[in-house]
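Visitor: One structure follows; several queries about it will come next.
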C-alpha cells in the first residue's frame, strides 16, 4: 500500500475527518516512527513488522561511473 492509498482508506473509514486532517494524522504517525528510529529506538507494529536501526561500518566502495575506489563513511540505517 502506498501513502495515497493509505490516505484514501483512512478517509473512507473516517468520513467525519476532512482530507487535511487525515493527511495530518498520517504525517504525525510517520514522523513519530522516524523520530524514534533516529533516536536509536525500535518500532513494532503488531501484525506488520518491527523496525530498528543498525550501525554500518566504514567501507571502500566504487564510483559506478568511473570505477574509482571511494571511502564510504560509517552510518546508521533502518
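Numbering (UniProt numbering), first residue to last: 1 to 78.
Ideal Cβ placement from N, Cα and C applies to all residues, glycine included.
#1: Which whole-angstrom value is the C-beta distance of residue 22 and residue 11, which I expect to be below 8 Å?
#2: Using 9 Å as the threshold, is the C-beta distance between residue 78 and residue 48 below it?
#3: Taking Cβ positions, are residue 6 and residue 19 nearer each other than 9 Å?
#4: Do you know how far the Cα of residue 2 is from the Cα of residue 15?
#5: So, for residue 58: in the same chain, excluding its five sequence neighbours on each side, which residues have a beta-carbon less than 6 Å away from its beta-carbon?
Guide: The relevant details are as follows:
#1: About 5 Å; that satisfies the 8 Å criterion.
#2: no
#3: no
#4: 20 Å
#5: Once the five neighbours on either side are set aside, the close Cβ partners of residue 58 are 73, 74.
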